[in-house]
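Novice: Note that the working numbering has the sequence shown beginning at 5, numbered continuously upward. Each residue gets a CB set at the ideal place from its N, CA and C atoms; glycine is no exception. All of these numbers come straight from a predicted model, not from anything done at the bench. First the structure, then my questions, so here it is.
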Amino acid sequence: MRSELFSKRNAEVQNQERWTLQSNKMLRSVVTPNAPMIATKGAMVAYQGDVHFTHQGSKSVGQFMKKAATGEGGNVMRVEGHGEVFFAREASNIFMMALEGPQDALTVNTANLLAFDDALSWEIKRIKGGVGAMVSGSGLFNLELAGQGTAAICCKGEPMVLDCSQQPTYVDPQAAVCWSSALAPQIKTDVSVGTFFGRGSGESVQLAFHGPGFVVVQPAENAVYSATTS
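Pasting the structure below:
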């Protein structure tokens, strides 16, 4: 059979690297018995070999309580075995974040998280300013990753990185992909009675960042994300 489909650019990348971008929209990951990974449910699009996917339970009572109360963290699975796993989400662009030590941490919008090394610790973090977030339908909670390891993040379109140290920075909650965990964003809102009658600007709620660090923004908004817990 002959087809342009079988050209080299469409073939699987063959190597033993832990993480390899098969393309800018698909990630190839090598899993081994001594190196499992954590991934968001639904992120796997294909795999080869003897690979198993199981629900990732809580690692502590506190984490369990946060998952039960918020819905965050309940949408992750554990990936174990021996083989290659391919991750993607709605043809979004993928980029890798290498965390380099105990003090290195990153907060990620769950809707933009694909997978990460099991060696990384993760915690559910709350954004201050709950009323505004609930009115907007935005998530109050995100996942903070810390330690030494790699995380795969997806972005709808080409990402933009904003430096928040020079001046206050405001981002639509559904366009914020990830940010430095040293930053403590708050919900900024001008919600009024008119908002509930269709008289608002449509931009009534933002995440406010200010301080040494960065925020990654995508040129699209995520649909309101709903996770399930068990």
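1) Between the Cα of residue 214 and the Cα atoms of 85, 6, 187, which residue gives the shortest distance?
2) Just reading off the beta strand (DSSP E) that residue 153 is part of, what are its end residues?
3) Quick check on the burial criterion: 16 or more other C-beta atoms within 10 angstroms. Buried or exposed for residue 173?
4) Alpha carbon to alpha carbon, how far is residue 111 from residue 149?
5) Roughly how far, in whole angstroms, is the beta-carbon of residue 222 from the beta-carbon of residue 129, given that I think they are within contact range, below 8 Å?
6) Per DSSP, what are the beta-bridge partners of residue 98 in this structure?
7) Is it the case that the Cβ atoms of residue 181 and residue 113 are separated by a distance below 8 Å?
8) Among the residues of its own chain, which have a CB less than 8 Å from the CB of residue 51, if the five just before and after it don't count?
9) Which word fits residue 72, buried or exposed, when buried means at least 16 other C-beta atoms lie within 10 angstroms of its C-beta?
10) In whole angstroms, what is the alpha-carbon distance linking residue 75 and residue 117?
11) Please classify residue 12: does DSSP put it in a helix, a strand, or coil?
12) Between 13, 171, 227, which lies nearest to residue 218 when the distance is taken from Cα to Cα?
Specialist: Taking the structure as given:
1) 187
2) 145-159
3) buried
4) 6 Å
5) Not really, about 20 Å apart at Cβ, beyond 8 Å.
6) 158
7) yes
8) 87, 88, 89, 90
9) For residue 72, the predicted model reports a pLDDT of 44, less than 50, meaning its position is unreliable; a value from the coordinates is still stated below. By the 10 Å Cβ count, residue 72 comes out exposed.
10) In this prediction, residue 75 scores a pLDDT of 49, lower than 50, which makes its location untrustworthy; the coordinate-derived value is nonetheless stated afterwards. Residue 75 and residue 117: Cα-Cα distance of roughly 15 Å.
11) helix
12) Nearest option by C-alpha distance: 171.
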